[in-house]
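Each number in this note's numbering comes from the position in the sequence shown (counting from 1) with 159 added on.
Glycine is no exception: its CB is placed at the ideal position from the N, C-alpha and C atoms.
These numbers were taken from a predicted model, which means no experiment stands behind them.
The next block holds one structure in the form of structure tokens; read it before the comments.
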Amino acid sequence: MADTENFVLTGDHRDIPMALGLICIAWNSCELGLRQMLRSLVCAGEYRSWKAAEILIVEMNSVGIAQALDCMAEEFADEQSDLRDAIKFAVNYLTRARQYRNYYVHGIRGVTGLGFSLTDEDIENDTPVWELMKEGPFGHVYHKSAKHKSRFTNDFINSDALTSFSNSLANFNDYIRALEISVNHYFRGEPYPETAPVPSAPSLLSPLVKPENKHPKLRSAPAFRLYNPIRDDDDVEAD
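Structure representation (structure tokens):
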């Protein structure tokens with residue numbers, strides 16, 4: 160199959176799938192680093208227990224890793240509050256980063272040369288789509304939700320947003336690796352504030368805000384309202 164036959168690799172849009180690939184690589188590296196740090200905490204410096212600990216850890220997903228790290232951090236004494244706070248920051252960062260990662264990796268359905276931002280006000284005012292159009296390329300997120308109410312997300316992500324998130328994950332990965340060294344030095348009884356000081360925390364990601372809209376065709380009437388062709392048509396004309 161030639162490149163031009165693949166809808167995600169058309170023309171000059173290759174920076175979108177490239178950025179998504181970098182996000183996947185950076186995310187996997189962060190997960191690996193957090194698993195290794197959790198292993199160090201579980202073993203508390205007893206390296207002969209690593210193999211047994213890994214059997215329990217390797218199949219954990221990012222949610223389980225975050226919960227375990229959060230609990231482990233509470234076991235540090237007040238004298239090591241710097242380690243406790245640093246691990247809890249890593250958990251908080253991972254929780255926010257996971258929202259972005261899932262939104263981008265699981266949400267982007269294709270790549271498009273044009274995109275638009277749609278709000279409930281635009282729907283209410285019947286704003287023409289062509290007035291909202293912007294030139295891409297964009298990663299197109301289209302998602303429907305049935306949680307509590309029927310809503311949909313129609314979002315267009317540019318390569319700058321994807322690259323920025325990928326860089327944030329790379330910085331977070333550096334933080335994780337340095338923090339694991341601090342933890343290992345502590346369990347070895349070394350003066351970690353001098354030999355492996357707790358790293359400076361990277362800037363915390365802002366909470367992800369997903370653009371969600373009410374479906375224009377589902378706002379006017381409940382889906383299970385019984386339809387009387389004569390009566391309901393008269394009501395529509397009266398409105």
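Rounded Cβ spacing between residue i and residue j (contact assumed at less than 8 Å)
{"i": "V368", "j": "A245", "result": "With 8 Å as the limit, V368 and A245 do not qualify as a contact, their Cβ atoms being about 27 Å apart."}
{"i": "L277", "j": "N313", "result": "6 Å"}
{"i": "E339", "j": "Q195", "result": "6 Å"}
{"i": "S318", "j": "P296", "result": "7 Å"}
Minimum C-alpha distance to residue i - residue among the options
{"i": "P370", "options": "D333, N330, G266, F331", "result": "G266"}
{"i": "E131", "options": "A236, F235, L193, Q239", "result": "The displayed coordinates of the chain run from 160 to 398. Any statement about residue 131 would go beyond what the structure contains."}
{"i": "C189", "options": "S221, E205, L215", "result": "S221"}
{"i": "S271", "options": "E294, G348, A360, D333", "result": "It is worth fixing the name first, because residue 271 is Thr in this sequence and not Ser. Ranking E294, G348, A360, D333 by Cα distance to T271 puts E294 first."}
{"i": "A360", "options": "G204, F315, N330, F346", "result": "N330"}
{"i": "V250", "options": "D229, E205, F235", "result": "D229"}
{"i": "F235", "options": "F346, P350, A305, S362", "result": "F346"}
{"i": "E401", "options": "D285, A355, P350, V342", "result": "There is no way to answer for residue 401, as the model of the chain reaches only from 160 to 398."}
Same chain, Cβ closer than 8 Å to residue i, five either side skipped, listed in chain order
{"i": "L179", "result": "Y263, V264, I267, G298, L321"}
{"i": "M231", "result": "L197, L200, V201, I246"}
{"i": "Q258", "result": "P366, L367"}
{"i": "D241", "result": "P352, V357"}
Local conformation of residue i per DSSP, three classes
{"i": "H302", "result": "strand"}
{"i": "K369", "result": "coil"}
{"i": "D285", "result": "coil"}
{"i": "G272", "result": "strand"}
{"i": "H172", "result": "coil"}
{"i": "G180", "result": "helix"}
{"i": "E349", "result": "coil"}
{"i": "T354", "result": "helix"}
{"i": "T278", "result": "coil"}
Other residues of its chain near residue i: CB distance less than 7 Å, five sequence neighbours each side excluded
{"i": "T254", "result": "A225"}
{"i": "G348", "result": "none"}
{"i": "R400", "result": "Nothing in the structure corresponds to residue 400, since the chain is present only between 160 and 398."}
Contacts around residue i, its chain only, beta-carbon distance under 6 Å, and the 5 residues preceding and following it disregarded
{"i": "A337", "result": "P358"}
{"i": "A121", "result": "Any property of residue 121 remains undetermined from this structure, which presents the chain solely from 160 to 398."}
At 4 residues or longer, and completely inside the segment 203-249: list those alpha helix (DSSP H) runs for me, N to C. Listed in chain order, the complete alpha helix (DSSP H) runs (minimum 4 residues) inside the segment 203-249 are 209-216, 221-232.
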